[in-house]
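Here's the structure, in structure tokens; my notes come after.
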Amino acid sequence: VLAGSPAEVIFSGGNYDEMITYPPFFKDHIMPHLQKLADILHPKGKLLQTHCDGENKGLLDLLAESGMDIAEALCPQPMTKVTITEVKQAFQGKVTIFGGVPSVALLEESMSDEEFERFMKKLFREIAPGDRFILGVSDTTPPDAKFERLLRITEMVREWGKLPMDI
Numbered sequence: 254v255l256a257g258s259p260a261e262v263i264f265s266g267g268n269y270d271e272m273i274t275y276p277p278f279f280k281d282h283i284m285p286h287l288q289k290l291a292d293i294l295h296p297k298g299k300l301l302q303t304h305c306d307g308e309n310k311g312l313l314d315l316l317a318e319s320g321m322d323i324a325e326a327l328c329p330q331p332m333t334k335v336t337i338t339e340v341k342q343a344f345q346g347k348v349t350i351f352g353g354v355p356s357v358a359l360l361e362e363s364m365s366d367e368e369f370e371r372f373m374k375k376l377f378r379e380i381a382p383g384d385r386f387i388l389g390v391s392d393t394t395p396p397d398a399k400f401e402r403l404l405r406i407t408e409m410v411r412e413w414g415k416l417p418m419d420i
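This note's numbering numbers the first residue of the sequence shown as 254 and each following residue consecutively.
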């Protein structure tokens, strides 16, 4: 039904984590489903997006081979062990990263404004040149997020986000 729909992106599955959906389990039970779904969707011109907000360092190679097109809510350090650079290397241009801004970066108690600025500048350097990357908060914006940081991210996108990025 979805393959025949007007939707361009199909969202399926998620909340992968190397401890819960550990690599052998992911490979044997989740990956075949994603690959089958991708085999149905791709010939119809659809993209497969899945929710990847957990600790994924041990799953990166499997995610890259799963058939998914977009890894949504992908969360890097300091909330997980993985860096965006490691994710990009593992995905090798096969999967688009959607996320990158850990929700804790928006909290004053997690980092100072100066640390936030340094973190975001480093993130923009890591995602350059910007292909196969959609900037977003991973996983959700906390209710007590510092709103000024969200506004600052918008400014950063306007300042540094033109493709190809060179920061």
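All C-beta atoms, glycine included, are put in the ideal place defined by N, C-alpha and C.
All values reported here derive from a predicted model rather than from experimental measurement.
Closer than 7 Å by C-beta to residue i: which residues in its own chain qualify, once you throw out the five before and the five after it? Chain order, please.
i      : result
Gln288 : Ser319 and Gly320
Cys328 : Asp306, Gly352, Pro355, Ser391 and Asp392
Give every residue of the same chain whose Cβ lies closer than 6 Å to the Cβ of residue i, excluding the five residues on either side of it in the sequence, and list them in chain order.
i      : result
Glu308 : Asp270, Glu271 and Thr333
Residues bridged to residue i by DSSP?
i      : result
His304 : Gly267 and Glu325
Gly389 : Gly353
Val262 : Leu300
Rounding to the nearest angstrom, what Cα-Cα distance links residue i and residue j in this structure?
i      : j      : result
Val390 : Arg405 : 13 Å
Met364 : His304 : 26 Å
Pro296 : Leu416 : 28 Å
Asp429 : Ile273 : With the chain represented from 254 up to 420, any question about residue 429 goes unanswered, as that position is not in the structure.
Glu412 : Gly383 : 13 Å
Tell me which residues share the same chain as residue i and place their Cβ nearer than 8 Å to its Cβ, disregarding the 5 neighbours each side in the sequence.
i      : result
Val354 : Met373, Leu376, Leu388, Gly389, Val390, Ser391 and Ile406
Thr349 : Asp322, Ile323, Ala324, Arg385, Phe386 and Ile387
Leu300 : Glu261, Val262, Ile263, Leu294, Asp322 and Ile323
Comparing C-alpha positions only, which one of the options sits nearest to residue i?
i      : options                           : result
Pro396 : Pro296, Gly257 and Val357         : Val357
Ser265 : Arg378, Gly257, Glu379 and Ile323 : Ile323
Ile293 : Gly346, Val262 and Arg378         : Val262
Gly414 : Arg371, Lys310, Arg378 and Asp366 : Arg378
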